[in-house]
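Take a look at the structure below.
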Amino acid sequence: MSGRTMNGPGEPTRNPPAARCHGVTKTYGRGNAAVQALRGVDLEVRAGELLMLAGPSGCGKTTLISVLAGLLQRDGGECSVLEHDYMRMSLNETTRFRKRNIGFVFQSFDLIPALTAAENVATPLLINGLKRQAALERAGALLRMMGFDDRMLRSLPAELSGGQQQRAAIARALVHDPRLIVCDEPTSALDSENGHAVMGLLRRFALGKERMLVVVTHDDRIFEFADVIARMEDGRIVRVEKTPRRVNEPQRDA
Amino acid sequence: MIFIALKMLLGDRTKYAGLLFGVAFTSFLVTFSASYFGGMMTRSFALIAENPQADVWVMDQTVMSVDHPVNLPAADLNRVRSVDGVRSAVPLALAQADARFPNGRVQSFQVIGVDDATLAGVPPLVSGETAAVLRLPDAVIVDEGGSSGKLATPSLKVDQWPRGRPRLDVPLRLPIAGDELLVNDTRVRVVGRSVALPRFPPRPLMFTTYSTAERILLPERRRLTFVLVSAGRGLDAHRLAARIEAATDLRARTAKDFKTDTVDWMLANSEDVGDAVTMLSIAMLVGFGVTGVMMFMFTNENLKYYAVLNAMGATFQSLLRMIGAQVALCALLGTGLGLGLCVLAGRIFEHYGFPFRMMWFAPTLGGAAVLLVSLGAAAFSVRSVLKMQPALFLAGR
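This is the structure we're talking about:
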């Protein structure tokens, strides 16, 4: 079964899909060792929408966001993100596309241990060619908005708490103003309170009219933050649920 | 991105220190062995360096090195003197001879017979006296020539010239003026010790006059080994050498060319060259092992972060540049440290009389070895970056 987010009668007008997948398949390995991670996934994500991919471990959630983010090539089906099809792009073109348009929040934060919080957040800007000083100023400003003080800006990841590290990771995903942000289990390493705080932060800072968020999770405590919840099982999307109250919520421009 | 690369490198101090050590070790070992080898080669032409008055060395056609002489007929000295442009030409005799010390010990010497009139080429004496002491009957000046302990002679009178068995295990001292030695059953009198340039291979030296050398050495039809020529005023040594060769059919080389010939001969024939090359190879292998493994470990442990950077849009070219910058920093600092250490060690070695001469090629060789080792280490560690798949890191695998 495939899932597709559609406007129902009487629902407010939603943006057209900015990312669209149809019949996407992906298999790891070959022969007897082959594992079919995606078995024909249909999915649409609209700008201004926070979509959560939920499902048990091994159901293909991370593979699907990897395909969406251009980190993994699909085997079959169609997929376009911001009107770009990775299959028609070279490796370097895909990397450059990610540089401009995609932000990542990784499961274990993956902040570079040798860089301070501000330097970590400035990294996507440096990759995009911004001068170091300008990048650090912009990163510092964003981190301050997220509650960091000057000392924390200069702290190494190991000197920050888990919640602070995750906030820095979110800032790193946002700082270069990408159109798509993918988050892989952003709350799995946090307690309930911190998890809620992080999701609140994501909604507050990351969502914008032009920006879409795809969050992989199996933490049902944070479903309330989603606009759309797509449930996956065995490499397929089995159900798509909308939470309309979020659609009308005022959103911050990215 | 280079900023990030360098912060990543400097952030992991243990591995950074390990990398620096590996590169510095390579640089030190290669430069040191090259300088040591340079020192040995310099010592191989010490006799030429000790005769700065000789613009041209004349010898038998077959002589290729200062240490492997073939003697000439005595008449060749006058043939050389008759060549136009020769201001002066003096004879030099070289030979090996065994000398018996007063306690009965036998030691091989290189006997250097210098011109009786000018005494050219006699090094300064420890006592401060002039070379004129060689004009005394049967006089010789002895020198360690880079060796050590080979001039030891018995301190006590009772141990000198004993009857019966030699007295080897007795108190010893260095020879002083008045001591006697037996060379080919001819008694010679030591008139002093000199401070000649050390030789390679090291060997005790015995300076004497040409005529004394002729008397104490075993009789040979030919005794003249080299003719040392000073060029006339304004005459180029190369031109004079060519003129002597044309006129006498002997081999004539400028001092500089003869030094080069000697080094070339050593490079082609000496087993020590093989030892030096082995040492250089081991140094590079160890350096490559240490640096390569450390660099690989460093890159491998940071692979996750390279994957994160790649996911965020850093191209593989950027990542390679980052690794290149890390390697370049280590190479630059490591080379500097290695060279600095080498200079320090060289000073100490020179102080203790070991052959050490840092010529231009030694640091160049050290730098080239570091470059090679660093490139190898970079290539070794870059492979894993090129093969990584960022999606696997996103999946936490």
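Residue numbers (my numbering), protein chains in the order written: chain A, 480 to 733; chain B, 175 to 571.
No residue lacks a Cβ here, since even glycine has one placed at the ideal position from N, Cα and C.
No experiment lies behind these values; they were computed from the predicted model shown.
Excluding sequence positions up to five before and after L566 (chain B), its CB lies within less than 8 Å of the CB of A481, all in the same chain and listed in chain order. Under the Cβ criterion of 8 Å, I701 (chain A) is not counted among the residues facing chain B. According to the DSSP assignment, Y507 (chain A) belongs to the beta strand (DSSP E) that extends over 496 to 507. The Cβ neighbour count for L513 (chain B), taken over all protein chains shown within 10 Å, is at least 16; the residue is labelled buried. Each of B:A294, B:T399, B:P378 was checked against the Cα of L268 (chain B), and the nearest Cα belongs to B:T399. In chain order, V503, K505, V546 place their CB closer than 6 Å to the CB of R553 (chain A), counting only its own chain and leaving out the 5 sequence neighbours on each side.
With contacts defined by Cβ atoms closer than 8 Å, A647 (chain A) and L639 (chain A) form a contacting pair. Under the Cβ criterion of 8 Å, T602 (chain A) is counted among the residues facing chain B. Here R700 (chain A) carries a helix assignment [DSSP, helix/strand/coil]. When B:G448, B:S404, B:D446, B:V447 are compared, the shortest CA-CA separation from R427 (chain B) is found for B:S404. Chain A has no Cβ within less than 8 Å of the Cβ of L507 (chain B).
In this structure, N358 (chain B) sits away from A248 (chain B), with a CB-CB distance that is not shorter than 8 Å. Against chain B, a Cβ distance below 9 Å from E598 (chain A) picks out F177, I178, K181. L183, L184, G185, D186: these are the residues of the stretch 183 to 196 of chain B whose beta carbon lies less than 9 Å from some beta carbon of chain A, given in chain order. In the displayed model, I315 (chain B) falls within a strand according to three-state DSSP. G519 (chain A) sits close to R715 (chain A), with the two beta carbons spaced by under 8 Å.
Cβ-Cβ separation between L180 (chain B) and A499 (chain B): approximately 6 Å, consistent with a contact (criterion under 8 Å). Contact note: K578 (chain A) reaches chain B through M486, G487, A488, T489, using a C-beta cutoff of 9 Å and chain order. Shortest Cα-Cα distance from T574 (chain A) to any of B:L493, B:G510, B:R425, B:I497 involves B:L493. Within the stretch 654 to 702 of chain A, the runs of alpha helix (DSSP H) at least 4 residues long that lie entirely inside it are, in chain order, 671 to 680. Contact residues of the stretch 635 to 658 of chain A toward chain B are absent (C-beta to C-beta distance below 7 Å).
Cβ-Cβ distances below 6 Å link T436 (chain B) to S218, F219, S239, V240 in the same chain, with the five nearest sequence neighbours on each side left out; the list follows chain order. Annotation: the continuous alpha helix (DSSP H) that includes C504 (chain B) extends over 490 to 525. Under the Cβ criterion of 8 Å, I660 (chain A) is not counted among the residues facing chain B.
Residue pairing for M711 (chain A): DSSP places it in a beta bridge opposite A:I716. At least 8 Å separates the beta-carbon of A497 (chain A) from that of V661 (chain A). Within the same chain, and ignoring the five residues on either side of N673 (chain A) in sequence, the residues whose Cβ sits closer than 6 Å to its Cβ are G642. The stretch 178 to 263 of chain B contains, as complete beta strand (DSSP E) runs of 3+ residues, the segments 230 to 233 (chain order). Beta-bridge analysis with DSSP links T542 (chain A) to no other residue.
Between G461 (chain B) and A536 (chain B), the gap from beta carbon to beta carbon reaches 8 Å or more. Contact holds between the stretch 527 to 538 of chain A and the stretch 689 to 697 of chain A, because three or more Cβ pairs, one in each stretch, are under 8 Å apart.
Not one beta carbon of chain B lies nearer than 8 Å to the beta carbon of R715 (chain A). Counting only unbroken stretches of 3 or more residues, the beta strand (DSSP E) elements lying wholly within the stretch 260 to 345 of chain B are 260 to 274, 280 to 288, 313 to 317, in sequence order. Its chain contains F400, R427, F432 as the residues whose beta carbon lies nearer than 6 Å to that of W231 (chain B), once the 5 sequence neighbours on both sides are disregarded; these appear in chain order. In this structure, the beta-carbon distance from A596 (chain A) to M631 (chain A) falls below 8 Å.
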